[in-house]
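This report refers to the structure that appears directly beneath it.
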Amino acid sequence: MPAITSFIDDRAVARSDVQRWEAGRAKAVLRKFVSRLGTRAIAEIAPDLNIDTVLAADLDTQRAALVTLKTGLGHAGIYAMLRRDLATSEKVSRVAVAASRGRVARSVIRVIAPGCSASAFADWFNNLVVVNDEVNMIDAMPDHYLLRGLPDGRQEVVETTGGSPAPTRFLVDYTTTDTLSTPADPDYPIQIAGQALLDDGFVIGGVRHQLRDRDGALEALLTVEFPGLTPAPLVAAHRWHLAVEFGNWIIASQSQTDR
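Counting from 1, one number per residue, gives the positions in the sequence shown under our numbering.
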């Protein structure tokens with residue numbers, strides 16, 4: 001397993017600190033499933049899953065339980081469970097974009113993973129959407145409720161971003177970067193970038209993740225763009241979200257390419 005270090009505000013953050021933040025989010029999402037579904041529905045999806053036991057268990061056990069619940073509920077079940085949250089968050093996103101008048105807030109971190117290849121990771125990551133590997137997409141972060149590749153090549157995302165009180169749904173188009181305000185850094189030759197939009201094409205943000213090989217390590221400069229009026233605590237919290245998901249994706253890519 002690579003010794004991954006994340007840098008938030010240029011301060012090195014240990015993998016153990018990132019996992020501690022992930023564990024807090026895992027418990028919060030598990031409790032959301034209990035409150036929204038009830039114990040009878042959870043027992044139908046996962047008869048052997050005891051929520052109290054899982055809440056007291058290690059992070060790997062909690063990750064596995066969340067994947068079981070999300071995949072067992074299915075896309076329609078996720079939509080139904082979160083329907084009010086998604087309707088509200090879409091309205092909020094539209095208002096925030098309009099009120100921001102083109103201004104952007106950025107959530108930015110760096111990640112360094114010794115012994116990993118930037119190109120190999122980028123190929124693995126891009127292939128998640130191509131082959132629609134939903135398990136690896138949702139397993140990377142407790143707040144990922146639904147991530148899947150669509151037939152038109154875009155990615156559908158239902159997640160709680162940063163410190164938001166509710167999940168949101170959007171699409172990521174990795175073929176279009178015209179709306180991004182973050183320029184490509186020529187020192188990072190590998191770009192994973194695209195705009196985030198709603199079903200009618202309304203752009204609400206975007207991502208520019210930039211990768212390179214440096215001194216025998218994968219170095220990633222990860223950026224998410226939010227509307228400028230997005231509350232600062234939410235933008236700041238999303239840096240931990242990035243650290244969790246990309247750390248877990250890097251580990252997953254290594255374990256699968258080393259087979």
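All C-beta atoms, glycine included, are put in the ideal place defined by N, C-alpha and C. Because the structure is a prediction, the values reported are computed rather than measured.
When Asp-199, Trp-249 and Tyr-188 are compared against Glu-219, the one with the closest alpha-carbon
Position 219 of the sequence shown, counted from the first residue, corresponds to residue 219. The shortest Cα separation from Glu-219 among Asp-199, Trp-249 and Tyr-188 belongs to Tyr-188.
Closest by CA to Ala-122, which one among Ile-192, Arg-31 and Gly-228?
-> The residue you call residue 122 lines up with position 122 of the sequence shown. The option with the nearest alpha carbon to Ala-122 is Ile-192.
Practice task
Jot down the residue ranges of each uninterrupted beta strand (DSSP E) in the segment 173-234, minimum 3 residues, whole runs only, in chain order.
Solution key: 190-197, 203-214 and 217-227
- Does the distance from the C-beta atom of Val-202 to that of Arg-94 stay below 8 Å? Residue mapping note: residue 202 aligns to position 202 of the sequence shown, counting from 1. Residue mapping note: residue 94 aligns to position 94 of the sequence shown, counting from 1. This sequence places Phe at residue 202; Val is not what is there. A Cβ-Cβ contact shorter than 8 Å links Phe-202 with Arg-94.
State buried or exposed for Met-1, treating a residue as buried only when at least 16 other CB atoms are found within 10 Å of its CB.
-> Taking the sequence shown and counting its residues from 1, the one referred to as residue 1 is at position 1. Met-1 should be labelled exposed.
Next item on the list: Could you pull the start and end residues of the beta strand (DSSP E) that Thr-5 belongs to?
Entry: Here residue 5 refers to the residue found at position 5 when the sequence shown is read from its first residue. First-last of the beta strand (DSSP E) with Thr-5: 5-8.
What residue from Glu-90, Ala-28 and Ala-120 has the CA that sits closest to Gln-256's CA?
-> Position 256 of the sequence shown, counted from the start, is the residue given in the question as residue 256. Minimum Cα distance to Gln-256 is reached at Ala-120.
Item checked: Buried/exposed call for Val-135, threshold 16 Cβ in 10 Å -> Taking the first residue of the sequence shown as 1, we reach residue 135 at position 135. It counts as exposed.
Original post:
To the nearest angstrom, how far is it from the Cα of Glu-159 to the Cα of Ile-138?
Top reply: Counting from 1 along the sequence shown, the entry for residue 159 is found at position 159. Counting from 1 along the sequence shown, the entry for residue 138 is found at position 138. Computed Cα separation, rounded: 9 Å.
Checklist entry - How do the segment 162-178 and the segment 218-238 stand: do at least 3 beta-carbon pairs fall below 8 Å, yes or no? => result Because the criterion of three Cβ pairs below 8 Å is met, the segment 162-178 and the segment 218-238 touch.
- Task: Tell me whether Lys-70 is buried or exposed, calling it buried when 16 or more other Cβ atoms sit within 10 Å of its Cβ.
- Result: Numbered from 1 along the sequence shown, position 70 holds the residue referred to as residue 70. Flag for Lys-70 reads buried.
Exercise. Verify whether the separation of the beta carbon atoms of Val-207 and Thr-230 is less than 8 Å.
Key: The residue given as residue 207 occupies position 207 in the sequence shown. The residue given as residue 230 occupies position 230 in the sequence shown. In this structure, Thr-230 does not lie closer than 8 Å to Val-207 by Cβ.
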